[in-house]
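As structure tokens, the structure follows; a few thoughts come after it.
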Amino acid sequence: METMSIHRLDARIKGLARFGALPGGGVTRSCWSPAHEEARAWLSGEMRAAGLTTWVDVAGNVFGALGAERFTPQTPAVLTGSHIDTVPEGGILDGALGVLAGLECLHTVAEKSLPHRRPLVVAAWSDEEGRYASLFGSRAFCGLLDMSRIDSMAAVDGERLVEAMTRAGFDPTKAGEARVDPAALSAYVELHIEQGPRLEEAGIPIGVVEAIVGVRRSRVTFVGQADHAGTTPMERRRDGFLAAADYALKARDHVVKRGSGRSVTNFGVVRVHPGVTNIVPARGELMHEMRDPDPPTLERLARQCDALAKRVAKRRGVDVQIERISATAPAICAPRVIAAIEAVSGQLGLASQRLHSAAGHDAQNLASLTEAGMIFIPSTGGKSHRVDETSDTAAIERGANTLLHTLLELSR
Ligand code: HGY
Ligand code: MN
Ligand code: MN
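Using the numbering used here, the letters of the sequence shown correspond one by one to residues 21 to 432.
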């Protein structure tokens, strides 16, 4: 079976890693940042050098195509891709692998004139990591973007999406026009690192994703009373931070004990106000995230945690405010794409295992428009969203060759 060039792919992975590179390794490349925009220009250049037609849509998504100039219902395309934006202090493979392996596959198809009846397109979706709004570019492409909220979309440090997009040369008011006609797509398949330990611990080289978790994020703010940190008797304090801490520990235990076994939760952003050492915190603010592949489970846990927050506030004599920030719907992957990945893995002599994705991905938006699926490769030590995220070259090669033949299979 034909193979893609692991040397060229490895060189491009190292090439992209230069943009936003951190001194001790890893990368910070937030969407719309100067490093990201330089990376976008570099990627478009690599796509053109590979013989692809390239364009960027109004939501900042970059496309490279074989056999098409644009998306059109006349010639439904087989699409692959992922993202080139990263979390702060992230790894060099999360997202980059799927974009660059997709590029390498199309480069191989072009140079070896491999047969494909349908156009093949590789995408780099903007702001997948959601510095401003999670899965932003693929949401816009899939017609799932709530344009009424675009003015309020902002990073945790307060920078607004509209400022960042404008600085990068995009008009945020047009992002909703990125919407594609669903008839212009035939299938979507994304290659990604698993970002967890399951495949490596099972010794399985190829993961076949069956479902992708939904992710709910809420801002939970406990409001007590600022007071002197020295003179206020302990029993009279209405400490907003301690209420938030009490809630976080109880909510974590609740999700673990009463969730589905695949439910997870996290409190990745914590703010204390006024936030100085000699004032009893008036406010303790948490960004509370929870995930599960099953929509009813996610809804139930959210309701139960809201009730828990109110009980904790009452017992501690403070108030609580709960604001829904975002919610992505869980997605089920398409049987046709799952079957294609499994058939190709078998032809390549690679063991595969079905699993759910505990990370969110652009594929869950594409699944609302077309038959979508994902291929995972093992993450070394299950590490991701940290500078030492890595996968070995052999794993990358196996994953990219599986992607190559899955794309050819789907484009027959
Ligand atoms: O957060 C996630 O699940 C993904 O890595 N953006
Ligand atoms: Mn990520
Ligand atoms: Mn990712």
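Quick reminder that beta carbons are idealized off the backbone N, C-alpha and C, glycines included. As the structure is a prediction and not an experimental result, all values here were calculated from the model.
- With fewer than 16 other CB atoms across the displayed protein chains lying within 10 angstroms of its CB, Ser133 is exposed.
- Relative to ligand 2, the beta carbon of His56 is positioned no closer than 8 Å to any heavy atom.
- Per DSSP, the unbroken alpha helix (DSSP H) holding Glu131 starts and ends at Ala116 to Glu131.
- Annotation for Asp191: no alpha helix (DSSP H) segment contains it, and DSSP assigns it neither H nor E.
- The straight-line gap separating the alpha-carbon atoms of Val82 and Ala143 is approximately 6 Å.
- The region 46 to 70 contains no complete beta strand (DSSP E) run of 3 or more residues.
- With 7 Å as the limit between CB and the heavy atoms of ligand 1, the residues that fall short of it are Asp114, Glu148, Glu149, Gly150, Ser154, Gln215, Val235, Ala379, Gly380, His381 and His405.
- The region 170 to 183 makes no contact with the region 85 to 96: fewer than 3 CB pairs, one atom from each, lie closer than 8 Å.
- Under the three-state reduction of DSSP output, Arg199 falls in the coil class, being neither helix nor strand.
- Note that the C-beta distance between Asn385 and Leu155 is below 9 Å.
- If you ignore the 5 residues before and after Thr422, its C-beta comes within less than 7 Å of the C-beta of Ile226, Ile361, Val364, Ser365, Leu368, Leu370 and Ile395, all in its own chain and listed in chain order.
- Taken from the Cβ of Gly110, at least one heavy atom of ligand 2 lies inside 8 Å.
- Here Ala347 really is in contact with Gly234; their C-beta atoms are around 7 Å apart, less than 8 Å.
- Fully enclosed beta strand (DSSP E) runs of no fewer than 3 residues occupy 226 to 232 and 234 to 243 of the region 218 to 252, in order along the chain.
- Exposed is the label assigned to Arg356, since fewer than 16 other Cβ atoms lie within 10 Å of its Cβ.
- In this structure, His103 has its beta carbon less than 8 Å from a heavy atom of ligand 3.
- Around Gly122, the same chain offers Thr100, Gly101 and Val142 as residues with beta carbons nearer than 6 Å, after the five sequence neighbours per side are excluded.
- Secondary structure of Ser399 (DSSP, three-state): coil.
- Note on geometry: alpha-carbon atoms of Glu109 and Glu58 lie some 18 Å from one another.
- Burial of His381 is indicated by the presence of at least 16 other C-beta atoms within 10 angstroms of its C-beta.
- The alpha carbon of Asp314 has as its nearest neighbour, out of Met21, Arg236 and Ser146, the alpha carbon of Arg236.
- Three or more pairs of CB atoms, one per stretch, sit closer than 8 Å, so the region 418 to 432 contacts the region 212 to 227.
- When C-beta atoms of the region 303 to 314 are compared with those of the region 262 to 280, three or more pairs fall below 8 Å, so the two segments count as touching.
- Comparing alpha carbon positions, the residue from Arg432, Leu424 and Leu430 closest to Met21 is Leu424.
- In chain order, Trp52 place their CB closer than 7 Å to the CB of Arg187, counting only its own chain and leaving out the 5 sequence neighbours on each side.
- His376 has its Cβ no nearer than 8 Å to any heavy atom of ligand 3.
- Short of 8 Å from the beta carbon of Glu230, and not among the five residues preceding or following it, lie these beta carbons of its own chain, in chain order: Ile352, Cys353, Ile358, Arg374, Leu375 and His376.
- Judged by beta-carbon spacing, Ser399 lies within the 9 Å limit of Ile213, meaning their Cβ atoms are closer than that value.
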